[in-house]
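Asks: These protein sequence lines map, in sequence, to chains C and R. Counting from 1 along the first sequence, just add 31 to a position and that's the residue number in the numbering used here. Counting from 1 along the second sequence, just add 819 to a position and that's the residue number in the numbering used here. Virtual Cβ for every residue (Gly too), placed ideally from N, Cα, C.
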Amino acid sequence: MQVQFYLLQQDELAGMPAHFALTCQLCADLFRANQRVFVYCPNQQDAEAVDEVLWQFDAERFVPHNLAGEGPARGAPVEISWQGPRTSRQVLINLTDTVPAFANRFSQIIEFVPAAEHGKAAARQKFKHYRQLGVEPQTRTPE
Amino acid sequence: MQAEVKAAFGPGGALEKAIIGFRSRDAQLEMASAVCDSIRDGKALVVEAGTGTGKTYAYLVPALLSGKKVILSTGTKNLQEQLYLRDLPRIQSALAQPVATALLKGRSNYLCTFRLTQHYQHVPVQDAALIQDLSLIKKWSNETQSGDIGELTYIAEDSKALPYVTSTTDNCLGKDCPDYEECYLLKARKKAMNADLVVVNHHLFFADMALKDTGFGELLPSMDVVIFDEAHQIPDIASDYFGETFSSSVLLDLCRDIEIACKTELRDHPQLAKTAEKLASLTKDWRLLLPEDPQKGNWRDLFQKAEQKVALSRISDVMQMLYQVLKGSLGRSDLVDSCYERLALLRNRLEKLLDVDKTGISFWFDTSKRHISLHYTPLSIADKFQELVFDQPRCWVFTSATLSVDGGFDHFTRQMGLGAARTLQLDSPFDYPNQAMLLVPRYLPEPTDAKMAQALLQLAVPLIEANEGRCFFLFTSHRMLQWMAQQLPDYIRLPVLVQGSTSKRVLLEQFVQLKHAVLLGTGSFWEGVDVRGDTLSLVIIDKLPFASPDEPLLQARSEDARLAGQDPFAVVQLPQAVITLKQGVGRLIRDVSDRGVLVIADNRLVSRPYGEVFLKSLPPMRRSRSPQAAIEFLTAIHAKSGSEPSKA
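1. Would you call the segment 1010-1018 of chain R and the segment 897-915 of chain R touching, i.e. three or more CB-CB distances under 8 Å?
2. What residues from the segment 61-78 of chain C come within 9 Å of chain R, judged by C-beta to C-beta, listed N to C?
3. For THR1033 of chain R, which three-state DSSP category applies?
4. Below 8 Å between beta carbons is the criterion; list the residues of the segment 82-93 of chain C that meet it against any residue of chain R, in chain order.
5. Do the segment 1432-1439 of chain R and the segment 1269-1288 of chain R make contact, defined as three or more Cβ pairs closer than 8 Å?
6. Tell me the residue span of the beta strand (DSSP E) that contains PRO1197 of chain R.
7. Take PHE1452 of chain R and list the residues in its own chain whose beta-carbon comes closer than 7 Å to its own, dropping the five residues that flank it on each side.
8. Hey, how far is the Cα of PHE797 of chain R from the Cα of SER965 of chain R?
9. For GLN1306 of chain R, report the span of its beta strand (DSSP E) as first-last.
10. Do you know how far the Cα of ASP1043 of chain R is from the Cα of PRO1212 of chain R?
11. Determine, using beta carbons only, whether ALA45 of chain C comes closer than 7 Å to chain R.
12. To which residues of the same chain is SER1199 of chain R closer than 7 Å at the C-beta, ignoring the five residues directly before and after it?
13. Is it the case that the segment 1044-1055 of chain R contacts the segment 908-928 of chain R, given that we only count it when at least three CB pairs across the two stretches are under 8 Å?
14. Between ILE794 of chain R and THR1094 of chain R, which are expected to be in contact by the criterion C-beta below 8 Å, what is the C-beta distance as a whole number of angstroms?
15. Using the Cα positions of GLU83 of chain C and ARG92 of chain C, report the straight-line distance between them to the nearest angstrom.
16. Step through the CB atoms of chain R and report whether any lies within less than 7 Å of the CB of ALA107 of chain C.
17. Is the separation between the beta-carbon of PHE62 of chain C and that of VAL34 of chain C shorter than 7 Å?
18. Kindly indicate which three-state DSSP category GLU1463 of chain R falls into: helix, strand or coil?
19. Residues of the segment 1414-1438 of chain R in Cβ contact with chain C at a cutoff of 7 Å, in chain order, please.
20. With distances taken from CA atoms, which of R:LYS979, R:THR985, R:ILE956 is nearest LEU1471 of chain R?
21. Mind checking GLU1001 of chain R: buried by the 16 CB within 10 Å criterion, or exposed?
22. Are the C-beta of PRO116 of chain C and some C-beta of chain R separated by less than 7 Å?
23. Contact between the segment 1226-1246 of chain R and the segment 1069-1076 of chain R is defined here as three or more beta-carbon pairs at a separation below 8 Å; is this criterion met?
24. So, is GLN1447 of chain R buried or exposed, given that buried needs 16 or more other C-beta atoms within 10 angstroms?
25. Does DSSP put MET820 of chain R in a helix, in a strand, or in coil?
26. Please list, in chain order, the chain C residues whose beta carbon lies closer than 8 Å to that of TYR1262 of chain R.
27. Going by alpha carbons, who is nearest to LEU1355 of chain R out of R:ASP1361, R:ARG1406, R:MET850, R:SER857?
28. Please classify ARG117 of chain C as buried or exposed, where buried requires at least 16 neighbouring CB atoms within 10 angstroms.
29. I need the DSSP call for MET1138 of chain R, collapsed to helix, strand or coil.
30. For PRO1110 of chain R and SER1192 of chain R, what's the separation of their Cα atoms in angstroms?
31. Can you tell me which of the three DSSP states LYS994 of chain R falls into?
32. Along chain R, in chain order, which residues have C-beta atoms closer than 8 Å to that of PRO131 of chain C?
33. Name the chain C residues that come within less than 8 Å of SER1445 of chain R, Cβ to Cβ?
34. Taking 7 Å as the threshold (C-beta atoms), are ILE140 of chain C and THR54 of chain C in contact?
35. Residues in the same chain with beta-carbon distance under 8 Å from ASP977 of chain R, minus the five sequence neighbours each way, listed in chain order, please.
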């Protein structure tokens, strides 16, 4: 299991929460690299927000995706949900404040560290959690 | 010529002076200049000009200034008239260019005085409406100059009388006709021969090309420039005409004409009447082999059935017999002579349609309530068309608002054998992100799911209410259309119009007149529909418009693609659906001030990789998955345009 923490430089990007914008970019890249992605959200409202952003994303970098409760039987290349995954996928993009119990089913996990100080506590907790699981997370700054 | 064209379009130019509200646009000038180049060097040109670029003027101006002989072909008779009666005179007077122009329609649009006299005297069927229409036509025939059936606005477009007063290639007597000198069709053709610019339609163009139905075929060789508008329709139309059809109705028409001859000129020939009667009865029996409900299918498969083989071998035998009998009566009656020629043609066609082992052809059949038709469609028209285009040095221009798929023209040029053509893509000047929204709602069942109908209803009701009607609700299946037509009136208090209840023209008139109506139709409904302004600001489509896989032409093309080692979905089905959707968006947004929402109730657009091809091909509308966002968009449109009628 590979875990990457993206250190956000600002909390807003292109008029939307920065981690939503970045999720889109990553989904576009991962889809083109033939990776199946699961975007895990804290609630339905956030899931729909990610869905909306992804749908409005550059047509040249289109990302076929579905929300939990819609789409083809095996799911689209990218699935956005506030519930556990229904099918096995390679990549988890975790937008919640905790490490989900199903994290170990993914070979690659992407996390975000908010720019604002008050948001960093949860990220630190998750970082620790991964270490306890025996994984040394990488940190990187988004391009 | 380039300089002249530029001057005409430019500031202070002829168009600006003569046409109120004309504004020069870069895209329009670019197209006009490309048309000039093609006229000069004779290279084929394919131009996609997005809605609102002003493509009509962009080809008319160079065409008129070129001093060459021009054929202009467009999609329908209505568009033909619009071009000929509105756009052409405007540009002509603006350019002060004296050019002889002519409008030429297909054979069935002209009165045949011989057939009118014949059927007015011997009414074929005792039917009150028919008799009334025939006498109205008789009266009109004394007044008309052109003999153009289009003048008969007081007779229904589908009046039963029309086939009796117009001719077909099958029943035209040609030079032997007693009314030959007075023939309206010939007059129209003569006028066209002498004109410098002739406006035709695609059906006429290809019908003549394929049937060699004298007249237009003679016209083409003398022409220097051929311009096709609405060129996206050409592959389908051309495929039809490069194919062959054999139908029970043509056979019965023939039998009926022989019967008429036997009752008048050949009373002494009972054997002829009997043989024709026999053929008519066998033909009717043949139709009865299939169920009454109309259907379509693969003729190769159906012809494997013994009953079909028997029926057709009987028909073929009696046709042979009739041929011999007619041969013995040649020279006694013009009608009989023409029947003899028609029969020869029909025998030839039947032979082709029974040779189902031939490859490279799609064989299919369809039935109506009373008739059956067999069709033969070549898999590819590229060769035939290429031959036509490059046969003689001549300039060819193909234009439409919807030709490209995913930014390329391969789909069109490959089908047409136009690989060497120059291509040009001009974007619409409309501000799509602010004028239009594309909504693909969340959480819809998959398109084939039984729960879809209910979900569609729940989705549509609040949208239609928010928009106070002004909505086209389009379906890919008749079943869903009928279901919705039953349900919808229980949920909304707005007029609901349903396709099929009356003619398309009347439905559209009602839709415009009612202002706040919902029109339920099939997907093809909006091809060629022009509803400007606020009367139409919401279009809901139940599914992505992929043609049904049992559509014979689609099957033929898919087979062709497979043979060429390509993926039929990617090269046939997908591009065709993209063009259909693009057409639809063009109907919703006709003008810089038009606004509207397009709803596609099919999550495959979001969840399948091919969604990318659609998004990249459609104009850059704002996108959302939230019906609430669409409702706000619609409310804002109508608040802005100041039309706040009472709430339903």
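Replies: Quick answer:
1. Yes, since at least three Cβ pairs between the segment 1010-1018 of chain R and the segment 897-915 of chain R fall closer than 8 Å, the two stretches touch.
2. Those would be PHE62, in chain order.
3. Taking the second sequence and counting its residues from 1, the one referred to as residue 1033 of chain R is at position 214. Residue confidence is low: THR1033 of chain R scores 48 on pLDDT, short of 50, so the model does not pin down where it sits. No coordinate-derived value is stated.
4. Residues of the segment 82-93 of chain C with a C-beta less than 8 Å from any C-beta of chain R: ASP82, GLU83, TRP86, GLN87, ALA90, GLU91, PHE93, listed in chain order.
5. Contact between the segment 1432-1439 of chain R and the segment 1269-1288 of chain R is absent, because fewer than three Cβ pairs lie under 8 Å.
6. Along the second sequence, read from residue 1 onward, the residue named residue 1197 of chain R stands at position 378. Annotation for PRO1197 of chain R: the continuous beta strand (DSSP E) segment containing it runs 1191-1197.
7. Counting from 1 along the second sequence, the entry for residue 1452 of chain R is found at position 633. MET1256, VAL1416.
8. Since the first and last residues shown for chain R are 820 and 1467, residue 797 of chain R lies out of range.
9. The residue you call residue 1306 of chain R lines up with position 487 of the second sequence. Unbroken run through GLN1306 of chain R is the alpha helix (DSSP H), 1297-1310; no beta strand (DSSP E).
10. The sequence position of residue 1212 of chain R within the second sequence is 393, counting from 1. The sequence position of residue 1043 of chain R within the second sequence is 224, counting from 1. One C-alpha to the other measures close to 8 Å.
11. Sequence index remark: in the first sequence, residue 45 of chain C carries index 14 (1-based). The beta carbon of ALA45 of chain C sits no closer than 7 Å to any beta carbon of chain R.
12. Here the question's residue 1199 of chain R lines up with position 380 in the second sequence. Excluding residues within five positions, the ones whose Cβ falls inside 7 Å are ASP1379.
13. Remark: fewer than three beta-carbon pairs, one from each stretch, lie closer than 8 Å, so the segment 908-928 of chain R and the segment 1044-1055 of chain R are not flagged as touching.
14. The structure shown does not extend to residue 794 of chain R, since chain R is modelled only from 820 to 1467, so the question has no answer here.
15. For the purposes of this step, residue 83 of chain C is taken as residue 52 along the first sequence, with counting starting at 1. For the purposes of this step, residue 92 of chain C is taken as residue 61 along the first sequence, with counting starting at 1. If you take the alpha carbons of GLU83 of chain C and ARG92 of chain C, they lie about 15 Å apart.
16. Walking along the first sequence from the start, residue 107 of chain C turns up at place 76. So yes, ALA107 of chain C belongs to the interface.
17. The count along the first sequence starts at 1 and reaches residue 62 of chain C at position 31. The count along the first sequence starts at 1 and reaches residue 34 of chain C at position 3. In this structure, PHE62 of chain C sits away from VAL34 of chain C, with a CB-CB distance that is not shorter than 7 Å.
18. As a first step, residue 1463 of chain R must be located in the second sequence, where it is residue number 644. Caution applies to GLU1463 of chain R, whose pLDDT of 43 falls short of 50 and renders its modelled position unreliable; the value that the coordinates give is listed next. Shown here, GLU1463 of chain R sits in coil according to DSSP, grouped into three states, outside any helix or strand.
19. When CB distances to chain C are screened at a threshold of 7 Å, the residues of the segment 1414-1438 of chain R falling below it are ASN1422, VAL1425, SER1426, ARG1427, PRO1428, GLY1430, GLU1431, LEU1434, LYS1435, in chain order.
20. Here chain R has residues from 820 to 1467 only, and residue 1471 of chain R is not among them.
21. Taking the first residue of the second sequence as 1, we reach residue 1001 of chain R at position 182. By the neighbour-count rule (16 or more Cβ atoms within 10 Å), GLU1001 of chain R is not buried but exposed.
22. Working through the first sequence from its first residue, we reach residue 116 of chain C at position 85. So no, PRO116 of chain C is outside the interface.
23. Output reads no: the segment 1069-1076 of chain R does not touch the segment 1226-1246 of chain R.
24. For this step, residue 1447 of chain R is matched to residue 628 along the second sequence. Residue environment: GLN1447 of chain R is assigned as exposed (fewer than 16 neighbouring CB atoms within 10 Å of its CB, all protein chains considered).
25. Reading the second sequence from its first residue, position 1 is the one you call residue 820 of chain R. Here MET820 of chain R sits in coil by DSSP.
26. Translated into the one-based positions of the second sequence, residue 1262 of chain R becomes position 443. In chain order, LEU98, GLY100, GLU101 make up the part of chain C whose C-beta sits under 8 Å from the C-beta of TYR1262 of chain R.
27. Taking the second sequence and counting its residues from 1, the one referred to as residue 1355 of chain R is at position 536. In terms of Cα proximity to LEU1355 of chain R, the closest of R:ASP1361, R:ARG1406, R:MET850, R:SER857 is R:ARG1406.
28. By 1-based counting over the first sequence, the position of residue 117 of chain C is 86. When all chains shown are included, ARG117 of chain C counts as exposed.
29. Reading the second sequence from its first residue, position 319 is the one you call residue 1138 of chain R. Looking at MET1138 of chain R - three-state DSSP - the assignment turns out to be helix.
30. Locating residue 1110 of chain R in the second sequence gives position 291, where the first residue counts as 1. Locating residue 1192 of chain R in the second sequence gives position 373, where the first residue counts as 1. PRO1110 of chain R and SER1192 of chain R: Cα-Cα distance of roughly 14 Å.
31. As a working mapping, residue 994 of chain R is identified with position 175 in the second sequence. Reduced to three states, the DSSP call for LYS994 of chain R is helix.
32. In the first sequence, the residue the question calls residue 131 of chain C occupies position 100. Near PRO131 of chain C there are no residues of chain R at all, since even the closest Cβ is about 23 Å away, more than 8 Å.
33. Sequence index remark: in the second sequence, residue 1445 of chain R carries index 626 (1-based). The CB of SER1445 of chain R comes closer than 8 Å to the CB of GLU79, GLU83 in chain C, given here in chain order.
34. Within the first sequence, numbered from 1, the residue matching residue 54 of chain C stands at position 23. Within the first sequence, numbered from 1, the residue matching residue 140 of chain C stands at position 109. In this structure, THR54 of chain C sits away from ILE140 of chain C, with a CB-CB distance that is not shorter than 7 Å.
35. By 1-based counting over the second sequence, the position of residue 977 of chain R is 158. Within the same chain, ASP977 of chain R has close Cβ partners SER1322.
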